[in-house]
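2 protein chains.
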Amino acid sequence: MTGVEPARRSLALPGPFRLKGGGRLPAVTLAYEAWGSPAAGSRPVLVLCTGLSPSAHAASSAADPSPGWWEPLIGTGRALDTDRFRIFCFNPLGGCFGSTGPSSIDPLTGERYGARFPEIAIEDIAAAIHRALGALGIGRVDAVVGPSMGGLVALALALHEPRAVRRLAVISAAAAAEPFAVAIRSLQREILSAHLGQEADRVRRGMRFARKLGLISYRSPVEWRTRFGRRRETDPAARTGRPAGSAPPFAVEWYLETRARDFAERFDPESYLRLSRAMDEFDAADPGGGDLERALAGAGLEAVLVAGVTTDLLYPSHQLESLARGFRGSGTPVELRIIDSPTGHDAFLADWVRFEEPLRKFLEF
Amino acid sequence: MTGVEPARRSLALPGPFRLKGGGRLPAVTLAYEAWGSPAAGSRPVLVLCTGLSPSAHAASSAADPSPGWWEPLIGTGRALDTDRFRIFCFNPLGGCFGSTGPSSIDPLTGERYGARFPEIAIEDIAAAIHRALGALGIGRVDAVVGPSMGGLVALALALHEPRAVRRLAVISAAAAAEPFAVAIRSLQREILSAHLGQEADRVRRGMRFARKLGLISYRSPVEWRTRFGRRRETDPAARTGRPAGSAPPFAVEWYLETRARDFAERFDPESYLRLSRAMDEFDAADPGGGDLERALAGAGLEAVLVAGVTTDLLYPSHQLESLARGFRGSGTPVELRIIDSPTGHDAFLADWVRFEEPLRKFLEF
Chain A
1445 MTGVEPARRS
1455 LALPGPFRLK
1465 GGGRLPAVTL
1475 AYEAWGSPAA
1485 GSRPVLVLCT
1495 GLSPSAHAAS
1505 SAADPSPGWW
1515 EPLIGTGRAL
1525 DTDRFRIFCF
1535 NPLGGCFGST
1545 GPSSIDPLTG
1555 ERYGARFPEI
1565 AIEDIAAAIH
1575 RALGALGIGR
1585 VDAVVGPSMG
1595 GLVALALALH
1605 EPRAVRRLAV
1615 ISAAAAAEPF
1625 AVAIRSLQRE
1635 ILSAHLGQEA
1645 DRVRRGMRFA
1655 RKLGLISYRS
1665 PVEWRTRFGR
1675 RRETDPAART
1685 GRPAGSAPPF
1695 AVEWYLETRA
1705 RDFAERFDPE
1715 SYLRLSRAMD
1725 EFDAADPGGG
1735 DLERALAGAG
1745 LEAVLVAGVT
1755 TDLLYPSHQL
1765 ESLARGFRGS
1775 GTPVELRIID
1785 SPTGHDAFLA
1795 DWVRFEEPLR
1805 KFLEF
Chain B
1445 MTGVEPARRS
1455 LALPGPFRLK
1465 GGGRLPAVTL
1475 AYEAWGSPAA
1485 GSRPVLVLCT
1495 GLSPSAHAAS
1505 SAADPSPGWW
1515 EPLIGTGRAL
1525 DTDRFRIFCF
1535 NPLGGCFGST
1545 GPSSIDPLTG
1555 ERYGARFPEI
1565 AIEDIAAAIH
1575 RALGALGIGR
1585 VDAVVGPSMG
1595 GLVALALALH
1605 EPRAVRRLAV
1615 ISAAAAAEPF
1625 AVAIRSLQRE
1635 ILSAHLGQEA
1645 DRVRRGMRFA
1655 RKLGLISYRS
1665 PVEWRTRFGR
1675 RRETDPAART
1685 GRPAGSAPPF
1695 AVEWYLETRA
1705 RDFAERFDPE
1715 SYLRLSRAMD
1725 EFDAADPGGG
1735 DLERALAGAG
1745 LEAVLVAGVT
1755 TDLLYPSHQL
1765 ESLARGFRGS
1775 GTPVELRIID
1785 SPTGHDAFLA
1795 DWVRFEEPLR
1805 KFLEF
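Chains A and B, in that order, are what the protein sequence lines are.
With my numbering applied, the first sequence corresponds to residues 1445 to 1809, in that order.
With my numbering applied, the second sequence corresponds to residues 1445 to 1809, in that order.
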C-alpha cells in the first residue's frame, strides 16, 4: 500500500508531537517530494498541500518520471514553475503515503497504530508541515497553494503560524464545511466504520462504499449528464452481483465501481476516517474566536487567491465569495475567481486547464 | 410494520399479474384510501400516486383523523378539493403498506415473498392502478397527480394505458433519471443489499445508511445551511458511538440519524430495493421507441402540469423544462412551473404551500 516512490524523501521531526485534540505522537515523519534545485537557496519557496486522497507525488521528476496528480501545472514554464520556485509537497500527517499515520508503526509498541491512532486536526497537519519547513531551513514560505483539504491545510498554516506564509492560494475549499458536506462525509465515515475490524474483503467493501459516496460529491450532475447519460455498461464484468435477468448496469454505476475498487486497494481506512473528520471539524474562524475577519487578519498575508468552480457541491461558490469577503474585510488583498466548469469539486484535477491562468497570475510576484 | 389504518381499503385484483420484467404474481392486492363521497358517481375522479416512502394515507378522513402525508393540500376547499373530486390514493405494487409486495404472503408457499419477490417496473405499478380503477368502475380518470416516484407512475399510467387519463400533473419528477440520481440510488441499494440476510439489527443499520443517503438527496445544501449551519447537537443520546473525547455531532448528523432510524423501523428493505430500482429503470420515452415526443403524444392528454423546484438534486429544473418541451412538441397543452424553494426534492412536502396555487389552477377545469 505504501510502496516507496524513488522521488519521495522523509523527514523525521523531533518528538513528542502534541495534537490539538489532546493526543500525542512520540515521533512524526513527514514524506515529501521537492522540485526545482534545492541548492538554489535564494529562490522563492512554494509549498503545495494535497487533498485527502493523493500522495506527495504531485509531479514527475528525474527520480520518478511517472506523472503526478497535478502534473500539467508543475514544471518548467508551467503555472507552478520549477525554474522559478523551489516547490515542496508534503503528504499529510495522518495519511498513508509515507507520513506518520494509522498504518505506521507505533514506536512504543512495535505494531501498527491502526484504530489506536489519535484524532488529528487540520491544524496538526499544518503544524507538522511548519516544523518540517523549519527542519529544512525554510523560515518563511513565499507561497502556499492547496486544493480541497489542502486548501484547509494552507489556511491553517497561514492562520496558526503567524508570518509563516507570504501568499496563499485556496483552491476549491472554504473557511469551514457546511452541513451538506458534513452530512456526506459523516455518512461515508459511518458506513466505513461499520465495516472495520472484519475480514479484509469486508473492510475493502466499506472503503468502496465510502469512496463511491465521495465520488458522487466530487463530481457534478452536469458533467455526468453529458459523460454518461443513460448509457449502459457492456463490459461483462459489470454484470457481477446484479439480480438475474436485470438490465446491465448504467455506465455511471460501473464508473463508480471501478474507481472505488482502485481506491479501496490503495488507501488506509483509518487514515480516511481521520482526514475526513478533520475536514469537518476545521473552522478558519477559530483563531479569531469565531470572527473570521479577525482570524484572517492575524495571518498578515501579502496576497490571497480564492478560486473554485460553479458546480462544486462540497464547497459551493457562495462559500468562496464569503472567504474572499473575509480576507477583504481583514485588509488582505484578495483575488476571487469563480470558474465556470462542469466537473464539480474535482475540477482542479479534471479541468485543471481553467486553473492555470489564475495560478500563473497569482504566482507572478 | 404494516398496521392497518382504519381508512385503508383493499382491492384484490384477479390474477395472475404479469410483470414487465418477466415475473408474474399469482394474485395482487392494492391498498388505497379514498376521499369525497364515492356515491357521487358523476363527480370527477382524481388519482394521487405516492412517492417511494409514504402510504396511501395522503389525508385525514372521518375513518382516520391522523394527518396524511399531503394533508394541507387535500380536503374541503383545498387544492385537491374533496368537495369537487372523488380522490383515490393507491399504495404502489411492491410497497409495504398494504399492497402486494415483498413483505406479503406468497399464496403458493404460504410464506413471505421476501427476496424472492420479482423485480417490478414503474409500468407495473401503473398497470395495477389501472386495473384497480377498472374494478372500481372507473373507466377514465379526470386528473392524475403524482409527486416524485408518483410522478413517474402518473406518467406511466398516462402513456401505457391510452386514454385512461385526461389531465396529468407531474410534480418533482421527470421523464427519466439522470446519472447523478441513478448513482445515489444505486449506492443506496448496494449498501442496503450488503446488510440483508443478516440479523435484524444489521438489516436496520443497512436501512439507516440507505435512508441517510436518500435524505441527503431529498433536501438541499441551501436549506441545511440556514437550518443547521455548524450547530452541534446537545442531546446526550447524540453522543453515542462517537470516538471518546471527540466533539458532539453536528446538528445535521443527528437530524439524519433520527430520521433514518424512524424510517428503518417502518419500511421493508426488499420493497425499498424494488421501488428504488424501478425509478432508475423508468424512461417515459420507451413507448415512443426512445422518442419522448412521440411517447407523450400517444397519451392523448388534454392538459399537463409539470412542477418542481430550483434546488431539486434528483430532478433538476432543466429536466422539468425538458419534459414540458416534450409535451409541447407532442401537441399537448402544458404548464411548466419551476418554483423557487430552498427545500430541494422534498419541497412538495416541506414547502407544500408553493405547490398550492399551481395545483389549484391546474385542477380548475
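Beta carbons are placed, not taken as given, at the ideal position from N, Cα and C, and that holds for glycine.
Here the structure is a predicted model, which means the values were calculated and not measured.
Proximity to residue i [Cα-Cα], best of the options
{"i": "L1457 (chain A)", "options": "A:T1473, A:T1526, A:L1469", "result": "A:T1473"}
{"i": "I1582 (chain B)", "options": "B:L1524, B:A1618, B:D1550, B:R1530", "result": "B:R1530"}
{"i": "A1559 (chain A)", "options": "A:S1548, A:T1678, A:A1565, A:A1587", "result": "A:S1548"}
{"i": "V1626 (chain B)", "options": "B:L1757, B:A1600, B:S1715", "result": "B:L1757"}
{"i": "T1755 (chain B)", "options": "B:W1796, B:R1663, B:R1718, B:L1740", "result": "B:R1663"}
{"i": "G1752 (chain B)", "options": "B:E1622, B:E1746, B:L1780", "result": "B:L1780"}
{"i": "R1769 (chain A)", "options": "A:A1471, A:G1465, A:A1618, A:P1692", "result": "A:A1618"}
{"i": "Y1476 (chain A)", "options": "A:D1527, A:T1494, A:R1522, A:Y1716", "result": "A:T1494"}
{"i": "S1504 (chain B)", "options": "B:A1523, B:W1479, B:V1491", "result": "B:W1479"}
{"i": "S1499 (chain A)", "options": "A:P1665, A:G1773, A:P1450, A:D1735", "result": "A:P1450"}
{"i": "L1496 (chain A)", "options": "A:G1538, A:P1470, A:F1532, A:I1783", "result": "A:G1538"}
{"i": "G1650 (chain A)", "options": "A:L1636, A:G1641, A:G1658", "result": "A:L1636"}
{"i": "P1488 (chain A)", "options": "A:A1708, A:F1532, A:G1734", "result": "A:F1532"}
{"i": "G1732 (chain A)", "options": "A:V1597, A:R1556, A:A1506, A:H1604", "result": "A:H1604"}
{"i": "V1748 (chain B)", "options": "B:R1556, B:L1640, B:G1595", "result": "B:G1595"}
{"i": "F1771 (chain A)", "options": "A:R1652, A:P1551, A:S1486, A:L1599", "result": "A:L1599"}
{"i": "G1467 (chain B)", "options": "B:F1711, B:A1654, B:S1720, B:P1562", "result": "B:P1562"}
Environment of residue i [buried if 16+ CB atoms lie within 10 Å]
{"i": "T1702 (chain A)", "result": "exposed"}
{"i": "G1459 (chain A)", "result": "exposed"}
{"i": "Q1632 (chain B)", "result": "buried"}
{"i": "T1776 (chain A)", "result": "buried"}
{"i": "T1553 (chain A)", "result": "exposed"}
{"i": "G1578 (chain A)", "result": "exposed"}
{"i": "S1774 (chain A)", "result": "buried"}
{"i": "M1445 (chain A)", "result": "Note that M1445 (chain A) has pLDDT 36, beneath the 50 cutoff, so the model's placement of it is unreliable and no number is given."}
{"i": "D1706 (chain B)", "result": "exposed"}
{"i": "E1622 (chain A)", "result": "buried"}
{"i": "E1567 (chain A)", "result": "buried"}
{"i": "G1521 (chain A)", "result": "exposed"}
{"i": "A1829 (chain B)", "result": "Outside the shown range of chain B, which is 1445 to 1809, sits residue 1829 (chain B), and nothing can be said about it."}
Where the beta strand (DSSP E) containing residue i begins and where it ends
{"i": "F1534 (chain A)", "result": "1530-1534"}
{"i": "P1591 (chain A)", "result": "1585-1591"}
{"i": "R1453 (chain B)", "result": "1453-1457"}
{"i": "R1781 (chain B)", "result": "1778-1783"}
{"i": "A1751 (chain B)", "result": "1747-1753"}
{"i": "L1492 (chain B)", "result": "1489-1493"}
Extent of the continuous alpha helix (DSSP H) run through residue i
{"i": "A1613 (chain A)", "result": "No alpha helix (DSSP H) contains A1613 (chain A), which is instead part of the beta strand (DSSP E) from 1609-1615."}
{"i": "Y1662 (chain B)", "result": "1644-1662"}
{"i": "L1736 (chain A)", "result": "1736-1741"}
{"i": "G1864 (chain A)", "result": "A question about residue 1864 (chain A) goes unanswered here, because the residues of chain A that appear run from 1445 up to 1809."}
{"i": "A1572 (chain B)", "result": "1566-1579"}
{"i": "A1475 (chain B)", "result": "Premise fails: A1475 (chain B) lies in the beta strand (DSSP E), 1472-1479, not in any alpha helix (DSSP H)."}
{"i": "L1717 (chain A)", "result": "1713-1725"}
{"i": "I1582 (chain A)", "result": "That residue, I1582 (chain A), is in no alpha helix (DSSP H); it is neither H nor E in DSSP."}
Residue i CB to nearest heavy atom of the ligand ATP below 8 Å
{"i": "T1473 (chain B)", "result": "Of ligands this structure carries none, so the ligand ATP is not represented either."}
The segment 1724-1732 of chain A touching the segment 1572-1590 of chain A, judged by at least three CB pairs closer than 8 Å: Here the segment 1724-1732 of chain A makes no contact with the segment 1572-1590 of chain A; the two share fewer than three CB pairs at distances below 8 Å.
Between the segment 1692-1710 of chain B and the segment 1789-1805 of chain A, are three or more C-beta pairs nearer than 8 Å? Note that the segment 1692-1710 of chain B does not touch the segment 1789-1805 of chain A; fewer than 3 beta-carbon pairs, one per stretch, sit closer than 8 Å.
Give, in chain order, every residue of the segment 1639-1671 of chain B whose Cβ lies closer than 7 Å to some Cβ of chain A. When CB distances to chain A are screened at a threshold of 7 Å, the residues of the segment 1639-1671 of chain B falling below it are R1649, F1653, K1656, L1657, I1660, P1665, W1668, R1669, in chain order.
Pairs of beta-carbons, one from the segment 1671-1678 of chain B and one from the segment 1602-1617 of chain A, closer than 8 Å: are there three or more? No, because fewer than three Cβ pairs between the segment 1671-1678 of chain B and the segment 1602-1617 of chain A fall closer than 8 Å, the two stretches do not touch.
Answer yes if the segment 1760-1776 of chain B comes into contact with the segment 1792-1809 of chain B, meaning at least three C-beta pairs across the two stretches below 8 Å, and no otherwise. The segment 1792-1809 of chain B vs the segment 1760-1776 of chain B: no contact.
Could you tell me whether the segment 1567-1575 of chain A touches the segment 1532-1550 of chain A, using the rule of 3 or more Cβ pairs below 8 Å? Taking a cut-off of 8 Å on C-beta distances, the segment 1567-1575 of chain A touches the segment 1532-1550 of chain A, as three or more cross pairs fall below it.
Quick one, which residues of the segment 1696-1715 of chain A are near chain B if we go by CB-CB under 8 Å, in chain order? Cβ contacts with chain B come from V1696, E1697, L1700.
Three CB pairs or more closer than 8 Å across the segment 1510-1529 of chain B and the segment 1802-1809 of chain B: Three or more Cβ pairs drawn from the segment 1510-1529 of chain B and the segment 1802-1809 of chain B lie within less than 8 Å of each other, which places the two stretches in contact.
For the segment 1626-1638 of chain B, which residues have a CB atom closer than 8 Å to at least one CB atom of chain A, in sequence order? Closer than 8 Å at the C-beta level to chain A, one finds these residues of the segment 1626-1638 of chain B: V1626, A1627, I1628, S1630, L1631, E1634, I1635, A1638.
Counting only Cβ-Cβ distances shorter than 9 Å, please list the residues of the segment 1671-1683 of chain B near chain A, keeping chain order. Near chain A, meaning a CB-to-CB distance below 9 Å, the residues of the segment 1671-1683 of chain B are R1671, F1672, G1673, R1674, R1675.
Anything in the segment 1754-1768 of chain A with a Cβ closer than 8 Å to a Cβ of chain B? List those residues in chain order, please. For the segment 1754-1768 of chain A, residues whose beta-carbon sits nearer than 8 Å to a beta-carbon of chain B comprise L1757, P1760.
Closer than 8 Å, Cβ to Cβ, to anything on chain A: give me those residues from the segment 1550-1563 of chain B, in chain order. Flagged, chain order: E1563.
Chain-ordered residues of the segment 1718-1729 of chain A with a beta carbon less than 9 Å from chain B: Hits within the stretch, in order: R1721, D1724, E1725, D1727.
Can you pull out the residues from the segment 1584-1612 of chain A whose beta carbon lies closer than 9 Å to at least one beta carbon of chain B? Per Cβ criterion, the list is empty.
At a CB distance below 9 Å, what residues from the segment 1786-1800 of chain B approach chain A? Give them in sequence order. None of the residues of the segment 1786-1800 of chain B has a beta carbon lying less than 9 Å from any beta carbon of chain A.
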